[in-house]
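Trainee: Protein chains in written order, with the numbering used here: chain A, 915 to 1279; chain B, 95 to 348. For each residue, glycine too, the CB sits at the ideal point set by N, CA and C.
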Amino acid sequence: MRIVFKTDYMQDIRPWKDGFQLSLYLILLAIAVAAPYLLDIFYLGELTNVLIWAIAGLGLMVLTGHTGQASLGHAAFLAIGCYSNVILIEQGVPFIIAFPLAGLLTGVIGATIAIPALRLHGIYLAIFTLALSILMDDVIVLSEPITGGVAGKYIAGVDLLGLTIDRWGTPILFYWLTLAITVIVTLGYINLLRTSLGRSFIAVRDSEVSAQAMGVDIAKTKTVSFGLSCMVTGWAGALMGLYSGAFNNETFSVVISIQLLMMIVIGGLGSIHGAFFGAVVIGFLPQFLSIAKENVSAVFGGGSVAIPGLEFGIFGMILILFILFEPMGLYGRWLKIRTFFELFPFYRKDMFKRQKSYLKTERLR
Amino acid sequence: MSLLEIENVTLKFGGLTAVDDLSFSVEEGEVFAIVGPNGAGKSTVFNLISRFYDPYAGSIRFDGHDLLQVKPSGVAAYGVARTFQNIELFEHATVLQNLLVGRHRHRKTNVLSEIFFTPSARRQEIENREKVEEVIDFLDLQAYRDKMIAGLPYGVRKVVEVARALSTDPKLLLLDEPASGLSVEETTDMRWWIDDIRRQMGITVLMVEHDMGLVSGVSDRVLAMADGAKLAMGTPAEVQSHPDVIEAYLGHAA
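1) Is V120 (chain B) closer than 8 angstroms to L105 (chain B) when the C-beta atoms are compared?
2) List, in chain order, every chain A residue whose beta-carbon is nearer than 8 angstroms to that of E219 (chain B).
3) For a cutoff of 8 angstroms on Cβ pairs, would you count S274 (chain B) as touching chain A?
4) Would you tell me roughly how many angstroms separate the C-alpha atoms of L1278 (chain A) and G1036 (chain A), rounded to the nearest one?
5) Who does Y1068 (chain A) pair with in a DSSP beta bridge?
6) I'd like to know if M1128 (chain A) contacts chain B, where contact means its C-beta is closer than 8 angstroms to some C-beta of that chain.
7) Between the segment 187-216 of chain B and chain C, which residues of the former have CB atoms less than 8 angstroms from a CB of the latter, in chain order?
8) Between which two residues does the beta strand (DSSP E) harbouring S119 (chain B) extend?
9) Please list, in chain order, the chain A residues whose beta carbon lies closer than 7 angstroms to that of E182 (chain B).
10) Would H336 (chain B) and A318 (chain B) be called neighbours here (beta carbons separated by less than 8 angstroms)?
11) A187 (chain B) by DSSP, collapsed to three states: which one?
12) At least one CB of chain B closer than 8 angstroms to the CB of T1275 (chain A): is that the case?
13) What would DSSP say about I1086 (chain A), mapped onto helix, strand or coil?
14) Bridge partners of I100 (chain B), per DSSP?
15) Buried or exposed for S1114 (chain A), going by 16 or more other Cβ atoms inside 10 Å?
16) Considering only their Cβ atoms, is the gap separating E1240 (chain A) from R1247 (chain A) smaller than 8 angstroms?
17) Taking three-plus beta-carbon pairs below 8 angstroms as touching, is the segment 137-157 of chain B in contact with the segment 210-217 of chain B?
18) If we count Cβ pairs, one from each stretch, closer than 8 angstroms, do we get three or more for the segment 1106-1125 of chain A versus the segment 176-190 of chain B?
19) Please list the partners that A112 (chain B) has in chain A, where partner means a Cβ-to-Cβ separation under 7 angstroms.
20) Taking the alpha carbon of L1249 (chain A) as the point to measure from, which residue in A:G1227, A:S1185 and A:T1026 has its own alpha carbon closest?
21) Using 8 angstroms as the limit for Cβ to Cβ distance, is R1279 (chain A) near chain B?
22) What runs of the beta strand (DSSP E), each 3 residues or longer, lie entirely inside the segment 196-278 of chain B?
23) Counting only Cβ-Cβ distances shorter than 7 angstroms, please list the residues of the segment 1077-1104 of chain A near chain B, keeping chain order.
24) Quickly, what does DSSP pair L317 (chain B) with across the bridge? List them, please.
25) Where do the ends of the alpha helix (DSSP H) carrying R1119 (chain A) lie?
26) Would you mind telling me which residues of chain A sit closer than 7 angstroms to P166 (chain B), beta carbon to beta carbon, in chain order?
27) Are V1146 (chain A) and I1132 (chain A) close, meaning C-beta to C-beta below 8 angstroms?
28) For S978 (chain A) versus L1175 (chain A), is the C-beta distance shorter than 8 angstroms?
29) Taking 8 angstroms as the threshold (beta carbon to beta carbon), is V1138 (chain A) in contact with chain B?
30) Check each candidate in B:W286, B:E255, B:F178 and B:Y172 and name the one with the smallest Cα separation from N141 (chain B).
31) Residues in its own chain within less than 7 angstroms of L1018 (chain A) by CB, not counting five upstream and five downstream?
32) Please work out which residues of its chain come closer than 6 angstroms, Cβ to Cβ, to M284 (chain B), disregarding the five sequence neighbours upstream and downstream, and give them in chain order.
33) Three or more C-beta pairs under 8 angstroms: does that hold for the segment 1146-1166 of chain A against the segment 1020-1030 of chain A?
34) Would you grab the beta carbon distance between S1171 (chain A) and H988 (chain A) for me? Rounded to a whole angstrom, and I think it's under 8 angstroms.
35) Excluding the five sequence neighbours on either side, which residues of its own chain have a C-beta within less than 7 angstroms of the C-beta of R155 (chain B), listed in chain order?
36) In terms of alpha-carbon separation, which member of B:T282, B:D314 and B:V254 lies closest to M242 (chain B)?
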């Protein structure tokens, strides 16, 4: 284990532990930037998809992982971000303004919805947000003049600083755009967590009563959390719209909401890493399954047999296994493996034992 | 003028009168203890001061402010900090993060300056840490600074809670049973700390405690309660020998 000798408060405040850790993350970033030269176009597209899911996951992580408020309605905010981005571009607003605005708008709508919603706790909040997600479908259909209703909307490419960014035409540029937004959102998230607001989120998650006694305004904190969460989710939605090129009322169904929540649970609640790990699982599992299916049918035959719901069945099973055996998600597992090697041979089996009391404020009441 | 003035406060839960026309005041710089049998309403008095409950009648004034006019989260802003009987720490955060939440009332930055981590946010973080490190030093918590609360033993958690309350830089510290569940050595430590909190830091202490050794060791004045009402008030020795107090604890002489 590396012990860092601290002589300065900034060493504590900086997000990295020491130069070694910082250089690891910089290498990771360099590999990510160079990915277009390392991967073929198909896998680059998949990687872009993973990053978009990671942004959405970061959005939900703020609310669920750090503030302790479960939401099954984040697909609705993906939709708001996606539609507002495209509608603004159609109105002639340049992408560089339309995109941030789409997120801000989603954030404001989210914070407004949060004011009544956050009087609810736990399962009731989950039901409320679930209803939001289902309602969104109807809202999109009913407001057809703006949203295009069932026929949906299309977007080809967007112009950014004289460059045409198109998922199909210029996939490399689209990947870099997504990567840049991922990095910006992640940095903002890191900053949030090392300052007062992020700590007050954690305080609200772990004990509302003592957060209040420390001067944290619960209602305000939850509203800000919801707003920030929806803003980031809105950006992810806008990118999803550009990525798929076409979308309608069914694109952002309640299934997407559930997938998002599953993703951050599998990745590990309450950590930035968790959103990324979860996104990798959600992003690559369908590809992995189809490849696995091909291989299986190559041996046993019956390759043309479609198994409806296979993907969701597997997702559900993975989720159940995680909740039972690794409530801290992939990130928690990673921490354990790392601690095992750092402390070798002194790792004890139950070092992370007390993790099951997670999300205390989520108890039914 | 006293630091904390509680006048004719009454609180009822349905038919149960939890606090019955209670009046007392805490002077600046003293250690004031509330004692009484279980269910006497001691913790309820704390929760009234923290504004978790609204009293039926009466007034609570702190340092010239009417506390009944503020939200529960506004009480800390005036300089009232508290601990809880059943430790309420932020379990999935480190000791340092817990103490830094205590600095929340001094927050001057806003969402934007925090997300962009502007120089003002950086300055505030450094200031927060300076204060928090003082508290860590004062309560000997150095060894636990970066540990998660979830893995800490009970006695340490108890101290961390006091540390978190001190990090808010309070004028009045409410300690709800600071010694319950502590070993004899830990209770002795707590006793010296309460003494130092008052003498070195100049913080007024109001505490609820069952351990009469601790109470008579540190407090200047004691209020004895039973069934939500005042039984006796005075120096520890006066209260301990008061016939009503003896009766409340031991029952009538046969």
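Mentor: Looking at the atomic coordinates:
1) no
2) Y923, I927, R1108 and T1109
3) no
4) Annotation note: pLDDT 38 at L1278 (chain A) (below 50); position unreliable, no value reported.
5) A:A1160
6) yes
7) Absent from the structure: chain C. Protein chains present are A and B.
8) L110 to V120
9) S1121, V1123 and S1124
10) yes
11) coil
12) Because the pLDDT of T1275 (chain A) is 45, which lies under 50, any placement of that residue in the model is unreliable, and the number read from its coordinates should be weighed accordingly. Answer no: the Cβ-Cβ gap between T1275 (chain A) and chain B never drops below 8 angstroms.
13) helix
14) B:F118 and B:I154
15) buried
16) yes
17) no
18) yes
19) Correct list: empty, because the minimum Cβ distance to chain A is about 17 angstroms.
20) A:S1185
21) Caution is warranted here: a pLDDT of 34 is assigned to R1279 (chain A), below 50, making its placement in the model unreliable, and the coordinate value is therefore given only provisionally. No, its Cβ sits nowhere closer than 8 angstroms to a Cβ of chain B.
22) 266-270
23) G1102
24) B:I128 and B:M327
25) S1110 to D1120
26) Q1126
27) no
28) Looking at the sequence provided, one finds Thr at residue 978 (chain A) rather than Ser. Contact flag set, yes.
29) yes
30) B:F178
31) M1145
32) P272 and A273
33) yes
34) 5 angstroms
35) E99 and L161
36) B:V254
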